[in-house]
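In what follows, a structure is listed as structure tokens, so that the remarks can point back to it.
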Amino acid sequence: MRGPIIEKYPRDLRVAPNWLDTEQAREAFSWEAEAKALSGLPDGGLNLAYEAVDRHAQGRRRRHVALRILDRNGGRCDLSYAQLSSLSNRFANVLKRLGVAPGERLFVLCNRGLELYLGVLGGLKNGCVVCPLFSAFGPEPIETRLRLGEGSVLLTSESLYRRKVAGIRERLPALRHVLLYEENGGALECPAGTESLPRLLAEADEDFAIAATTAETPSLLHFTSGTTGTPKGALHVHGAALTHLVTGKYALDLHDDDLYWCSADPGWVTGTSYGILAPLLLGVTSVVDSGEFDAERWYGILEKQRVSVWYTAPTAIRLLMKAGAELASRHNFSQLRFVASVGEPLNPEAVWWGKEVLGLPIHDNWWQTETGGIMIANTPAMLIKPGSMGKPLPGVEAAIVARRDDGGLQLLEDEVVGELALRRPWPAMFRTYLGQEERYQRCFVGDWYLSGDLARRDADGYYWFVGRSDDVIKSAGHLIGPFEVESALLEHPAVVEAAVIGMPDELLGETVKAFVALNSGFEASEALHDELLGHARKRLGAAVAPKALAFLPSLPHTRSGKLMRRLLKARELGLPEGDTSTLENPT
Ligand code: ATP
Ligand code: MG
1 MRGPIIEKYP
11 RDLRVAPNWL
21 DTEQAREAFS
31 WEAEAKALSG
41 LPDGGLNLAY
51 EAVDRHAQGR
61 RRRHVALRIL
71 DRNGGRCDLS
81 YAQLSSLSNR
91 FANVLKRLGV
101 APGERLFVLC
111 NRGLELYLGV
121 LGGLKNGCVV
131 CPLFSAFGPE
141 PIETRLRLGE
151 GSVLLTSESL
161 YRRKVAGIRE
171 RLPALRHVLL
181 YEENGGALEC
191 PAGTESLPRL
201 LAEADEDFAI
211 AATTAETPSL
221 LHFTSGTTGT
231 PKGALHVHGA
241 ALTHLVTGKY
251 ALDLHDDDLY
261 WCSADPGWVT
271 GTSYGILAPL
281 LLGVTSVVDS
291 GEFDAERWYG
301 ILEKQRVSVW
311 YTAPTAIRLL
321 MKAGAELASR
331 HNFSQLRFVA
341 SVGEPLNPEA
351 VWWGKEVLGL
361 PIHDNWWQTE
371 TGGIMIANTP
381 AMLIKPGSMG
391 KPLPGVEAAI
401 VARRDDGGLQ
411 LLEDEVVGEL
421 ALRRPWPAMF
431 RTYLGQEERY
441 QRCFVGDWYL
451 SGDLARRDAD
461 GYYWFVGRSD
471 DVIKSAGHLI
481 GPFEVESALL
491 EHPAVVEAAV
501 IGMPDELLGE
511 TVKAFVALNS
521 GFEASEALHD
531 ELLGHARKRL
541 GAAVAPKALA
551 FLPSLPHTRS
561 GKLMRRLLKA
571 RELGLPEGDT
581 STLENPT
């Protein structure tokens, strides 16, 4: 039966969790003690790629599979830690031979596959700042990011280059080298001004002396999702390795023998922090799927690859829900022992769906491009309160705050809605917004980093997402979080996805308008329109429920799967759409 809490029973925990999540365990935590799990470079310093790959390649996990790459046609290729180490060394040697110095920016525009991993890891070994981009980006977002990041090297495939980069190349004077490969097995033909990666790799040495990086050396540049405006470039450092390692262990509960799958693309920070780095740092085997989302394919991967830990996102879960329980029932998920989700609020419906269809509840967690790693999570040992993003991880101090008029902060009590803040520093904290240092500084008040998200904490210490401060609706003195309204709409069997926005209203300030996409088998009609509004009123009360509702075939998302409420609002009000570079399937 569905209730407010999902208990955990011993049978739900097939392996003992890495962290028991008791107050005692929380107090016993220290970053210094956890840092002993990192090796450091032989001559001192720290390098993310060395920690992720080389130290395992030199130790007892050298033959352990690091990556299991699935191609689009059902083939698979396993790569051990030793192989990944030599290949990424070759890539680093290619950069060195081309005269690419530490600190230069390497952009990686690749479909998910081996080259993407070699680019990121080899680039880090050479001391470059690596910036992975979504391969689905069109020329404009690519140009903007390469220009802002002053990319001097680009790794991409021949076909992506011809379609997306060749036309903008002239406008990228800082771009000195373009390395190409062929991804469909055909012959590589390098257009003028590009170089053949396979040829350079074949000529390169398998040994590489890693650049002298330290915990504070810049490592990765990640652009935010652009959900609330123009994407910002968040700069991270090699020391982030410690956050990735600790959160991989405690929030994702990775164990030595896990078969782990992070279904996020590295164009989004989740796909890098948890699709590349965290599992490798822990010496675990990762599945890398080159294909695109397809419900049957994804169920097939979970089953056939015997995935034990899966990290995914609410949009993917909603798409699986839409595909129906019958498809899921044809698959066996007995190997799966932990499922986590990030990126957007996870509606209680989705948490329960996991329990009923996959046999496991879905564990929501919260973080941002800026935080570099998971900050608040439902860990395996915790009771789940569906709809809550969980509790701060060890080493993370969170608070709900309000900005005071004198520029200071007020820490708010339990149950009061305010801005979610984190006490700095933590290892994976971003170090600046590229080209916007002042904006970066504005994120901090004293020791606190302000996330821009509104939330509340309950008496048990669980955090509940209310909305982004930009999306929150103020109606007749009430503060309405879109998440609460959307979750109520989602309880109706006809609704597969919902987004709500505030519409200006002379009397009330704002009123709530909902947009919904329907499940297969349901058709938009006036009767359904009234029924949904009635359902929301019954669940939420008239003050919070939407006053208007529109049906849409689908809702606009960013490429990282987030609802773009600002776009719905701009369209509704006839305002400019703003930056749409991260919009998925632009029409
Ligand atoms: P931009 O900053 O460019 O507007 P973005 O904030 O969507 O884009 P990301 O850094 O990819 O870019 O996303 C972080 C945001 O995603 C968080 O600030 C939060 O609003 C949302 N988010 C992430 N995880 C959760 C979660 N578990 N529950 C609710 N919201 C979440
Ligand atoms: Mg953001």
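Under UniProt numbering, the residues of the sequence shown are numbered 1 to 587, in order. No residue lacks a Cβ here, since even glycine has one placed at the ideal position from N, Cα and C.
Beta strand (DSSP E) segment containing residue i, residue limits
| i | result |
| --- | --- |
| F465 | 463–468 |
| V130 | 129–133 |
| Y449 | 448–457 |
| M382 | Unbroken run through M382: none, as it is neither H nor E. |
| A398 | 398–403 |
| L201 | Not the beta strand (DSSP E): L201 falls in the alpha helix (DSSP H), residues 197–203. |
| E32 | Looking at the DSSP string, E32 is not in any beta strand (DSSP E); the run it does join, the alpha helix (DSSP H), is 31–35. |
| K474 | 473–475 |
| P504 | 495–505 |
Nonlocal neighbours in the same chain, by C-beta distance under 6 Å from residue i, ignoring five residues either side
| i | result |
| --- | --- |
| W268 | S560 |
| W353 | M321 |
| N93 | A204, D205, F208 |
| E182 | E158, L188 |
| L172 | L146 |
Helix, strand or coil at residue i according to DSSP, with G and I counted as helix
| i | result |
| --- | --- |
| residue 640 | In the structure as shown, the chain begins at 1 and stops at 587. Residue 640 is therefore absent and cannot be evaluated. |
| D579 | coil |
| K562 | coil |
| H222 | strand |
| I301 | helix |
| residue 589 | This structure gives no information on residue 589, because the portion of the chain shown stretches from 1 to 587. |
| L540 | helix |
| K232 | coil |
| F483 | helix |
| T227 | coil |
| R439 | helix |
| G275 | helix |
| V269 | helix |
When the options are compared against residue i, the one with the closest alpha-carbon
| i | options | result |
| --- | --- | --- |
| N365 | H177, R442, G359, I374 | I374 |
| T230 | L254, L479, I6, L434 | L434 |
| L106 | N93, R112, S86, C131 | C131 |
| W464 | S525, A136, E484 | E484 |
| P380 | G283, L254, Q368 | L254 |
| L121 | E170, Y260, G275, V178 | G275 |
| L87 | R169, P361, L114 | L114 |
| A166 | A498, L84, I142, L148 | I142 |
| P191 | A202, L179, R62, N184 | L179 |
| S30 | D71, V246, L116 | V246 |
| A543 | G534, A550, R61 | G534 |
| R112 | P314, T22, A136 | A136 |
| residue 588 | G233, L201, Y161, P139 | Nothing can be reported for residue 588: it is not among the residues displayed for the chain, which extend from 1 to 587. |
| A251 | I376, A398, L116, S334 | I376 |
| L201 | S451, E170, G119 | G119 |
| P102 | A323, T213, V417, Q368 | T213 |
| G3 | P386, D43, T22, E356 | P386 |
Boundaries of the alpha helix (DSSP H) in which residue i is found, first to last residue
| i | result |
| --- | --- |
| Y181 | Element bounds for Y181: not the alpha helix (DSSP H) but the beta strand (DSSP E), 177–181. |
| E140 | 139–148 |
| S520 | No alpha helix (DSSP H) contains S520, which DSSP labels as neither H nor E. |
| T243 | 241–250 |
| V351 | 348–353 |
| L549 | No alpha helix (DSSP H) holds L549; the beta strand (DSSP E) holding it covers 548–551. |
| T285 | Premise fails: T285 lies in the beta strand (DSSP E), 285–289, not in any alpha helix (DSSP H). |
| I362 | I362 -> no alpha helix (DSSP H), and no H or E assigned at all. |
| L280 | 278–281 |
| V120 | 114–125 |
| R26 | 23–28 |
| P314 | 314–323 |
Own chain partners of residue i with C-beta closer than 7 Å, once the 5 adjacent residues on each side are dropped
| i | result |
| --- | --- |
| A174 | E150, G151, S152 |
| A215 | L46, V237, H238, G239 |
| H557 | T315, L563, M564, E584 |
| A49 | S88, L121, L124, K125 |
| P198 | Y181, L188 |
Close Cβ partners of residue i (< 8 Å) along its chain, the five nearest in sequence each way excluded
| i | result |
| --- | --- |
| P504 | E510, L573 |
| A25 | W19, P394 |
| L383 | I5, I6, E7, K8 |
| P314 | S341, G343, E344, P345, L346, N347, A350, G561 |
| A459 | D414, E415 |
* To do: Decide yes or no for the touch test of the segment 431–447 against the segment 461–475: beta carbon pairs closer than 8 Å, at least 3 of them.
  => no
* To do: Would you check if there are 3 or more beta carbon pairs closer than 8 Å linking the segment 57–71 to the segment 278–295?
  => yes
* Asked: Would you call the segment 218–238 and the segment 125–139 touching, i.e. three or more CB-CB distances under 8 Å?
  -> yes
* Asked: Are three or more beta carbon pairs between the segment 249–263 and the segment 14–29 nearer than 8 Å?
  -> yes
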